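*Asks:* Taking full-length UniProt numbering, I'd label the letters of the sequence shown as residues 1 to 166.
The beta-carbon is built from N, C-alpha and C at its ideal position, and this holds for glycine as well.
Predicted model only: the values in this text are computed from it and were never measured.
Questions regarding the structure given below will be posed in turn.
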Amino acid sequence: MAEKDASARLRRAVKENNLFLVKRLIKRTEMRNSDPYNKRYTSLAWAAVLGHEETFEFLLGMGHDDHEYSKDLEDNTILILLAEARPPPSTPHTPGPPDQDFLGATLRMARMYIDRYPDILDWANQEGKTALHVAALKGNEELVRMLCDLGADFDLADNEGNTPLH
């Protein structure tokens, strides 16, 4: 049975990376569309964590976060979500992208987001961790390098006093 709620349909279209449907549905419902069931992810957050680069770029270009930055229930920003993102598990029916493709997409999405919203580079979540903290903890060396090159504060301590690179 087809969903009648445009918000639920938009979430599903983003999760399925159906850009054609996303473009149609944002004309009928709020594009931010926080998910009431999963950490309050916005449409942009879902596109980020699932590695849907084209949908992410479209939503970003439409001004998804122009008035309010996306944050989940734990105050993780889009950059933090990208820093901890891992390729979704593949199944015989839904093969995911190869790891390198997924990680490349997360790097490109992070760069797009920083280019548009540079002041969010050192924003922290409820634990005081920034995207640089999370990228370092997850061993995402390329993202760590990129964040440092773009001016992320590597001396910024989290709530436990840990800095990203120590």
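Excluding the 5 residues preceding and the 5 following Gly128 in the sequence, name in chain order all residues of the same chain whose CB lies nearer than 6 Å to its CB.
*Replies:* Correct list, in chain order: Asp158, Asn159.
*Asks:* Anyone know if the C-beta pair for Tyr41 and Ser70 falls short of 9 Å?
*Replies:* Yes. Within cutoff.
*Asks:* Since residue 167 is in the alpha helix (DSSP H), which residue starts that stretch and which ends it?
*Replies:* One cannot answer for residue 167 here, as it falls past the ends of the chain, which runs 1 to 166.
*Asks:* Terminal residues of the continuous alpha helix (DSSP H) containing His64?
*Replies:* Premise fails: His64 is in no alpha helix (DSSP H) and is neither H nor E.
*Asks:* Check for me: the alpha helix (DSSP H) holding Lys15 runs from which residue to which?
*Replies:* Where Lys15 is concerned, the enclosing alpha helix (DSSP H) stretches over 6-15.
*Asks:* To the nearest angstrom, how far is the alpha carbon of Lys39 from that of Asp149?
*Replies:* Their backbone Cα atoms lie some 30 Å apart in a straight line.
*Asks:* Grab the span of the alpha helix (DSSP H) containing Ser43 for me, first residue to last.
*Replies:* Start and end: 43-49.
*Asks:* From Phe154 to Pro164, what distance separates their C-alpha atoms?
*Replies:* Cα to Cα, the separation comes out at about 6 Å.
*Asks:* For Ala135, which residues in the same chain have their Cβ closer than 7 Å to its Cβ, ignoring the five residues on either side in sequence?
*Replies:* For Ala135, where only same-chain residues beyond five positions count, the Cβ hits under 7 Å are Ala83, Leu143, Val144, Leu147.
*Asks:* Do Val22 and Leu50 have their C-beta atoms closer together than 9 Å?
*Replies:* Taking 9 Å as the Cβ cut-off, Val22 and Leu50 do not qualify as a contacting pair.
*Asks:* With DSSP run on the structure shown, which of helix, strand or coil describes Thr77?
*Replies:* Reduced to three states, the DSSP call for Thr77 is strand.
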